[in-house]
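**Student:** The structure under discussion is supplied below as structure tokens; questions concerning it will follow.
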Amino acid sequence: MDRVDQDSVERAEPGKLALDGAANEPAATFARLAVEFHDSDGVEETVEAVVEFALDALNCSYAGVALAVRGQLPEVPAATDPVVAEIFQFQMTAGDGPLVESMRDHSTLLIRDTATEERWPEWAAKVLSLGVRSVLDVPLATGNGTVGVLGLYSTERDGFNTDDEAIAHILARHASVAVATARQEESLAKAVDARKLVGQAMGILMERFDIDGDRAFEVLKRHSQDTNTKLRDVAAQLIADRKLPSV
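All residue numbers for the sequence shown refer to my numbering, where the first residue is 328 and numbers rise by one.
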């Protein structure tokens with residue numbers, strides 16, 4: 328290497344060369360992945376594409392995605408092997424482990440060898456018993472916070488190198504946007520469906536009892552509150568079996 332190139336290397340930011348190299352090499356594959364994300368029909372198909380790509384592009388034995396759910400335990404919509412679901416579930420139940428910390432602190436965590444890991448001894452013993460020696464947890468995050476974690480698992484000690492980490496971060500960035508977009512689209516679709524159901528139910532009440540729209544909506548809302556049932560579900564039940572709440 329001549330002196331100019333050597334100086335360029337020495338001045339490069341830590342991890343920059345690995346990231347650039349990882350980004351350039353699988354560019355076509357990432358382009359294909361972006362298309363798959365765009366064509367995916369909902370959150371589950373999106374995360375399934377993520378984990379399948381992880382197996383192809385990274386030096387890992389298993390992969391999975393855990394998604395944050397407000398007010399509830401994270402859900403596991405995609406995993407390439409039951410081992411992943413068992414590892415995720417163990418951490419969620421205990422409330423401790425790299426997955427929990429990665430999701431909470433938006434941090435990337437690398438465990439080079441579960442046989443010598445001391446930060447989470449119970450978790451490490453469990454994962455080691457399942458034949459996993461190294462783990463890489465990468466947060467799926469957007470500007471609004473963490474939406475989940477991409478978990479990568481290898482049966483080999485120190486199974487993830489610098490290039491693997493770089494590619495995992497690129498994949499996580501793609502996946503974060505795709506998951507957030509898919510969730511938003513699903514929420515909008517549910518909202519539209521709910522409005523349609525409520526509208527139909529109001530129409531039934533208006534026709535049956537000769538009341539106006541405001542009164543019909545109040546009937547549905549009161550029944551929802553009295554039975555502690557979502558307004559959408561009250562409307563759906565009314566439409567399905569024509570059992571009307573008292574006016």
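C-beta: ideal position from N, C-alpha, C; glycine also.
With a Cβ-Cβ cutoff of 9 Å, do V403 and V410 count as a contact?
**Tutor:** Not closer than 9 Å, so no.
**Student:** Please name the residue in N386, F415 and T469 whose C-alpha comes closest to that of L400.
**Tutor:** Checked all of N386, F415 and T469; the closest Cα to L400 is F415.
**Student:** Between the segment 459-467 and the segment 489-503, are three or more C-beta pairs nearer than 8 Å?
**Tutor:** Output reads yes: the segment 489-503 touches the segment 459-467.
**Student:** What first and last residue would you give for the alpha helix (DSSP H) that runs through A384?
**Tutor:** Here the alpha helix (DSSP H) through A384 covers V370 to A384.
**Student:** Considering Cα atoms alone, identify which of E428, D560, S551 and A452 is closest to G475.
**Tutor:** Taking only the C-alpha atoms, the option nearest G475 is E428.
**Student:** Looking at Y480 and V506, is the spacing between their C-beta atoms short of 9 Å?
**Tutor:** The answer is no: Cβ separation not under 9 Å.
**Student:** Looking only at its chain, what residues have a beta carbon closer than 7 Å to the beta carbon of E483, apart from the 5 residues adjacent to it on each side?
**Tutor:** Cβ within range, chain order: R460 and S461.
**Student:** Taking the C-alpha atoms as reference points, what is the distance between I538 and I531?
**Tutor:** Taking the straight line joining both Cα atoms gives about 10 Å.
**Student:** Using DSSP with H/G/I as helix, E/B as strand and the rest coil, what is S429?
**Tutor:** The answer is helix: DSSP assigns S429 an H, G or I state.
**Student:** Report the rounded CA-to-CA distance for V504 versus D553, giving the unit in angstroms.
**Tutor:** Spanning the two alpha carbons is a distance of roughly 39 Å.
**Student:** Looking at N386: is its Cβ nearer than 9 Å to the Cβ of F487?
**Tutor:** Yes, the Cβ-Cβ distance between N386 and F487 is below 9 Å.
**Student:** Where does G398 fall in DSSP's three states?
**Tutor:** Coil at G398, not helix or strand.
**Student:** Specify, as a first and last residue, the run of the alpha helix (DSSP H) that V410 falls within.
**Tutor:** Run containing V410: P409 to A421, per the alpha helix (DSSP H) assignment.
**Student:** G391: which of R397, E379, A384 and G398 sits nearest, CA to CA?
**Tutor:** Checked all of R397, E379, A384 and G398; the closest Cα to G391 is E379.
**Student:** R569 to R549, Cα distance in whole Å?
**Tutor:** Straight-line Cα distance between these residues: approximately 17 Å.
**Student:** If you draw a straight line from the alpha carbon of E375 to that of A502, how long is it in whole angstroms?
**Tutor:** Rounded to whole angstroms, E375 to A502 spans 10 Å at the Cα level.
**Student:** Could you check if D520 is buried or exposed, using at least 16 other CB atoms within 10 Å of its CB as the buried criterion?
**Tutor:** Per the 10 Å Cβ criterion, exposed.
**Student:** Can you check whether the CB of T420 is closer than 9 Å to the CB of A381?
**Tutor:** Not a contact, by the Cβ cut-off of 9 Å.
**Student:** Tell me D520's beta-bridge partners as DSSP assigns them.
**Tutor:** According to DSSP, which records beta bridges pairwise, D520 is partnered with nothing at all.
**Student:** At 3 residues or longer, and completely inside the segment 454-541: list those beta strand (DSSP E) runs for me, N to C.
**Tutor:** Those beta strand (DSSP E) runs which fall completely within the segment 454-541 and span 3+ residues are 461-469 and 472-481.
**Student:** Rounded to whole angstroms, what's the CA-CA distance from E445 to T508? Just pull it up for me.
**Tutor:** Between E445 and T508, the C-alpha separation is close to 37 Å.
**Student:** From the DSSP output, read off the bridge partner residues of V392.
**Tutor:** Paired residues: A405 and L477.
**Student:** According to the Cβ coordinates, are A451 and T435 closer than 9 Å?
**Tutor:** Cβ atoms of A451 and T435: not closer than 9 Å.
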